[in-house]
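Chemist: Can you read through this structure? Questions will come right after.
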Amino acid sequence: MPGKVWGLLLPALLSLFASAACAQTTAESFPTKPIHIVVPFPAGSGTDVATRLVAQRLEAAFKQGVVTDNRPGASGTIAAAAVSRAAPDGYTLLMGTNSTHGANPGLIAKLPYDPVRDFVPIGLVGVFSSFLVVNPALPIKT
Numbered sequence: 011m012p013g014k015v016w017g018l019l020l021p022a023l024l025s026l027f028a029s030a031a032c033a034q035t036t037a038e039s040f041p042t043k044p045i046h047i048v049v050p051f052p053a054g055s056g057t058d059v060a061t062r063l064v065a066q067r068l069e070a071a072f073k074q075g076v077v078t079d080n081r082p083g084a085s086g087t088i089a090a091a092a093v094s095r096a097a098p099d100g101y102t103l104l105m106g107t108n109s110t111h112g113a114n115p116g117l118i119a120k121l122p123y124d125p126v127r128d129f130v131p132i133g134l135v136g137v138f139s140s141f142l143v144v145n146p147a148l149p150i151k152t
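Below is the structure:
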């Protein structure tokens, strides 16, 4: 599955950065400074690990640093709000999740960002499942 994800994600990211480079009025190449990927969860979380894998691939592709910027809190609202206010120059990305763009709009009355208007999707990084588990000593079979 990781190969499939990279096969879909990397071309999408490359096209994003290519379009950003074309939009510049000067002949400078993109990126000319480090790219920041803001993560709405703490270091060591699943989202953080996935972001660091993406960052490694982007660094190799662009020969430029990629910073993983963890900003946990408020179910991802802090990170998403920060990225929604960032300059629209392609240097600040959000590792969006089902919290930042799915649950929070229905759970937080005064969300400081609009998950549709303030962001443009680049691509799917991965599919993460959640499931319930229980101590095996319990007599549960299904």
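Heads up: the sequence shown begins at 11 in this note's numbering, then just goes up one per residue. Cβ atoms here follow ideal geometry from the backbone N, Cα and C, with glycine treated the same way.
(1) Mapping the DSSP letters down to three states, classify L148 as helix, strand or coil.
(2) What are the partner residues of D79, as DSSP defines its beta bridges?
(3) Tell me which residues share the same chain as G75 and place their Cβ nearer than 6 Å to its Cβ, disregarding the 5 neighbours each side in the sequence.
(4) Would you mind working out which of A60, H46, F51, G54 sits nearest L134, comparing C-alpha positions?
(5) What's the gap between the Cα of S140 and the Cα of Y101?
(6) Find the nearest neighbour of D79 within the set N108, G112, I47, I150, judged by alpha-carbon distance.
Modeler: Taking the structure as given:
(1) Within the sequence shown, the letter at position 138 stands for residue 148. The answer is coil: DSSP assigns L148 none of H, G, I, E or B.
(2) Against the sequence shown, residue 79 aligns to sequence position 69. DSSP lists V48 as partners of D79.
(3) Position 65 of the sequence shown, counting from 1, holds the residue named residue 75. The answer, listed in chain order, is P44.
(4) Translated into the one-based positions of the sequence shown, residue 134 becomes position 124. The option with the nearest alpha carbon to L134 is A60.
(5) Locating residue 140 in the sequence shown gives position 130, counting from the first residue. Locating residue 101 in the sequence shown gives position 91, counting from the first residue. Those two C-alpha atoms are separated by around 31 Å.
(6) Residue numbering aside, residue 79 sits at position 69 when the sequence shown is read from its first letter. When only C-alpha atoms are compared, the closest one is I47.
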